[in-house]
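Protein chains in written order, with this note's numbering: chain A, 1258 to 1515; chain B, 1258 to 1515. Every residue, glycine too, gets a C-beta built ideally from N, C-alpha and C. Nothing here was measured: the structure is a model prediction, and the numbers come from that model. Take a look at the structure below.
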């Protein structure tokens, strides 16, 4: 089983079927994972699911949040699951059998989220903009869409059975950009810090009248993705934030002076 | 996906829950497997399961047999799934991450069955006596027992994603005893041939008054396991069968002469 399983957060976005929530909890218990977060669940089904056999304590300790941003706020690497059959990826795509070498160094430094979408349509483009990578389970193109409980089971089996002893070297080429090994200064910023930075940058863009108001949602989406691509360290995130706060202050001050 | 997926038979012994049967069919479709056999299903649930979404043709083409012996009759390697938590294995135990190198050479020559037991208690000791090996999914000892649909998904993901190109050499040390590579003469005997041989040997034991009548069920069980351990080739199975038929004829003839 995975030594750092405590550093993994399983996130379900708006699951509908209580049986699936129960199945997810059961798979987590089977493979030694503990931390479940459910985003905006359908209330009656969520209550029903919490009575699932064999995973009672896990479901009772599950976190519940209103947004995905909140669910992954403390995570330094967020992997959204999905298939490319119906979409074009806006972030790096990783096939499940290649995931462990990427996740493992991250688990020693930070906190990883695996995010699963609702049963019907999976994660939206908006949901995925909080993700550093899109995790794809290799399936038959004639039937690519997996059942939620089975998809989680397969991902957790892969993590639990393919992880290496913790002290191995991390091959640099498979690290995500921005992660530089065990150096604490290089620790990737958690998702909430990137959201805070994005907020200040957006305010700055607005103050600078960077683009028309109608473009704001698209800009916000692109900015979110950009920050995940850059994957700045906590240290660098603070520096960039300081810079933008200064710029914003200047812009607002010059406006008052007009 | 697995090149020889057509040579894999998924066998469910007495599944109870129609949702699970549907989930198994869906996982098979996801990972490109086609051949499903259901042994002695509970009739109403079996009919209900056949209407599962997304796997209609697979479920309609599913075979249905009354016994496990019949279900695996044409298979040259039978892997039963289960956990060692509640039992002592009577056959070789293989952990799922180690399965592909064992299965792959077999798939080029013969036919492989993966056998899954009923939801409540799994495969019985009797069921497992038709198996060459016991396949174990590595799980947390605190919650070892997996949901049927999830167990199948995890096994098929492993087979589909870890299989190597077909033309690779087969490392000898991981072959089961009795299999000697691509030599047609060394092709392992299908399960039905072993059952036939076991029948004639048992008759011979009885004619020879080998042991008291009360021992017959235990002897039958041990004999079945012994033949799977020996894993004789088709050619050798025929030779041994010929030998026992001759001995039996002699015994019966000498009895008539008494």
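Residue span of the beta strand (DSSP E) that contains residue i, given as start and end
i, result
"residue 1349/B", "1349 to 1352"
"residue 1393/B", "1390 to 1393"
Within chain B, partners of residue i - CB distance below 8 Å
i, result
"residue 1288/A", "1396 and 1397"
"residue 1264/A", "Near residue 1264/A there are no residues of chain B at all, since even the closest Cβ is about 16 Å away, more than 8 Å."
"residue 1354/A", "1418 and 1419"
Chain A contact residues for residue i, given Cβ-Cβ distances below 8 Å
i, result
"residue 1374/B", "What residue 1374/B touches in chain A: nothing, since even the nearest Cβ is about 16 Å away."
"residue 1283/B", "1400, 1403, 1404 and 1407"
"residue 1280/B", "1404, 1406 and 1407"
Exposed unless 16 or more other CB atoms sit within 10 angstroms - verdict on residue i
i, result
"residue 1483/B", "exposed"
"residue 1439/B", "Reliability fails at residue 1439/B, whose pLDDT of 38 lies under 50, so the model's placement of it is uncertain and no value is given."
"residue 1465/B", "exposed"
"residue 1472/B", "exposed"
"residue 1384/A", "buried"
"residue 1500/A", "exposed"
"residue 1424/A", "Unreliable positioning characterises residue 1424/A in this predicted model, as indicated by a pLDDT of 42, which lies under 50. The coordinate reading is nonetheless provided below. It counts as exposed."
"residue 1458/B", "buried"
"residue 1268/A", "buried"
"residue 1475/A", "exposed"
"residue 1414/B", "buried"
"residue 1506/A", "exposed"
"residue 1323/B", "exposed"
"residue 1420/B", "buried"
"residue 1218/A", "It is not possible to answer for residue 1218/A, since the shown part of chain A is limited to 1258 through 1515."
"residue 1318/A", "exposed"
"residue 1445/B", "buried"
"residue 1369/B", "buried"
"residue 1441/B", "Residue placement at residue 1441/B is poorly supported in this model, since its pLDDT is 49, which falls under 50; the coordinates are not used for a value here."
"residue 1341/A", "exposed"
"residue 1266/B", "buried"
"residue 1492/B", "exposed"
"residue 1378/B", "exposed"
"residue 1429/B", "Per-residue confidence for residue 1429/B stands at a pLDDT of 37, beneath the threshold of 50, marking its modelled position as unreliable; the derived number appears in the next sentence. It counts as exposed."
"residue 1350/A", "exposed"
"residue 1503/B", "exposed"
"residue 1283/B", "buried"
"residue 1398/A", "exposed"
Run of the alpha helix (DSSP H) containing residue i, from where it starts to where it stops
i, result
"residue 1416/B", "1405 to 1419"
"residue 1385/A", "1382 to 1385"
Contacts of residue i in chain A (Cβ-Cβ under 9 Å)
i, result
"residue 1272/B", "By Cβ distance, chain A contributes nothing, its closest Cβ being about 16 Å from residue 1272/B, past 9 Å."
"residue 1336/B", "The contacting residues do not exist; residue 1336/B stays about 17 Å from chain A at best."
"residue 1258/B", "1395, 1396 and 1397"
Residues sharing a beta bridge with residue i, DSSP
i, result
"residue 1370/B", "1266/B and 1335/B"
Under 7 Å from the C-beta of residue i: neighbouring residues of chain B
i, result
"residue 1411/A", "1410, 1411 and 1414"
Contact with chain C by residue i, beta-carbon distance below 8 Å
i, result
"residue 1395/B", "Judged by its chain identifiers, the structure shown contains no chain C, and its protein chains are A and B."
message = Restricting to runs no shorter than 4 residues, where is the alpha helix (DSSP H) found entirely within the segment 1265 to 1325 of chain B?
response = 1275 to 1287, 1300 to 1306 and 1313 to 1317
query = What are the start and end residues of each continuous beta strand (DSSP E) run of 3 or more residues lying completely inside the segment 1442 to 1505 of chain B, in chain order?
reply = none
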